[in-house]
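Q:
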Amino acid sequence: MTNVAIVGAGAMGHGIGYVTAIAGYTVTLTDVDEDVLERARAHIGLALDSGVMRGKVSEETRREAMGRISLSTNLEGAIDGAQVVIESAPEKLALKQDLFRRICVTAPRDALLATNTSSLSVSEIARATNCPERVVGMHFFNPVAAMKLVEVIRGAETSGESTGKAHAFAESLGKKAIVVRDTPGFATSRLGIVLGLEAMRMLEQGVASAADIDTAMELGYNHPVGPLRLTDIVGLDVRLAVADHLHASLGGDAFAAPAILREMVAAGHLGKKSGRGFYDWLTPQ
Ligand SMILES: NC(=O)c1ccc[n+]([C@@H]2O[C@H](COP(=O)([O-])OP(=O)(O)OC[C@H]3O[C@@H](n4cnc5c(N)ncnc54)[C@H](O)[C@@H]3O)[C@@H](O)[C@H]2O)c1
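Everything in the sequence shown is counted per the numbering used here, starting at 19 for the first residue and increasing by one.
1. Would you list, in sequence order, the uninterrupted alpha helix (DSSP H) runs of no fewer than 4 residues that lie entirely inside the stretch 51-108?
2. Could you tell me if Y43 is buried or exposed, where buried requires 16 or more neighbouring beta carbons within 10 angstroms of its beta carbon?
3. Counting C-beta neighbours from all protein chains within 10 Å, is the total for M71 16 or more, i.e. buried, or is it exposed?
4. Run through DSSP, which three-state label would L138 get?
5. For a test of the three-state rule: what should DSSP assign to K110, helix, strand or coil?
6. I think L246 touches A275, with their Cβ atoms under 8 Å apart; what is that distance to the nearest whole Å?
7. What is the residue span of the alpha helix (DSSP H) that A195 lies within?
8. Quick one: is the Cβ of E179 within less than 7 Å of any heavy atom of ligand 1?
9. Cβ of T147 versus every heavy atom of ligand 1: is any distance shorter than 7 Å?
10. Around the C-beta of P150, are 16 or more other C-beta atoms found within 10 angstroms, so that it is buried, or is it exposed?
11. For L268, which residues from the same chain have a beta carbon less than 6 Å from its beta carbon, with the 5 sequence-adjacent residues on both sides left out?
12. I'd like the ranges of any beta strand (DSSP E) spanning at least 3 consecutive residues and lying wholly in the stretch 180-232.
13. Less than 8 Å between the C-beta atoms of E179 and N134, yes or no?
14. For the alpha helix (DSSP H) that contains A39, what are its first and last residues?
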């Protein structure tokens, strides 16, 4: 597996481009927007520069990695001849189904075909194609270079061979891969959201302050960031959407969004991006 095509070169696509290029693969980034492609290449260059400055990347690795990256607005041209195709286009089911219909027709028969969806059903994406056994989820985390985990999602019809290829490819990038059956929230969102929502319920009930609830998990459980600060970073609106999706699909009180979350979202307190959430992000701490 030497040629990798990445479909969608936005926030995640260029991060995946960086880790694949540095791992020695030849990478074609493809996107509908030429400016996005140029920005993606520039971002990868900056990340490599920063690696060189910190002594983590040699000048030679930087030069070779940049030399292995090419850009294309032509999807079919980019995936024809790829051994690995990773789709990282916007989180819209119909768009991903359409892309995979095209990818199944054009990509070589033995290519690994993966979607970086963070919440959609891999089985539903795959079902729209004529090669559902080849479509697998590879859920990377943001920022891709720093985050060690890749969730490999096995759809209802994904073959063991495709799952194995995705696992091996993730590990070849220096990541730790786990295999999860295609279920709402996979493993990460399903567990992470419960912790976040329960922390909000504790805040509502006056159990402790937001900072103390976060400190409890940071120092008591060694979490790098507490659940409320993490919610501020992710965005309260994003977490509410995930909670509602999981509540609708899995049921159970654990996924029911607490009133405090709905009220804060309605008031525009979305966390870091709006300047206010469970913390004040505008006043220097
Ligand atoms: N942002 C995150 O933290 C994160 C984390 C894990 C997974 N994801 C998932 O990764 C995927 C991409 O998310 P993102 O945050 O990088 O989004 P983004 O909006 O930054 O990038 C998506 C890119 O896809 C391009 N695109 C749109 N239609 C296309 C098409 N038909 N063909 C090719 N490219 C097309 C857009 O021009 C854009 O550059 C989503 O499925 C998302 O759920 C995101």
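Beta carbons are placed, not taken as given, at the ideal position from N, Cα and C, and that holds for glycine.
Since the model is a prediction, treat every value here as computed from it, not as a measurement.
A: On the basis of the data shown:
1. 52-71, 77-85, 93-97
2. buried
3. exposed
4. coil
5. coil
6. Contact doesn't hold; Cβ gap of about 14 Å is too wide.
7. No alpha helix (DSSP H) contains A195, which is instead part of the beta strand (DSSP E) from 194-199.
8. no
9. no
10. buried
11. P202
12. 194-199
13. no
14. 29-40
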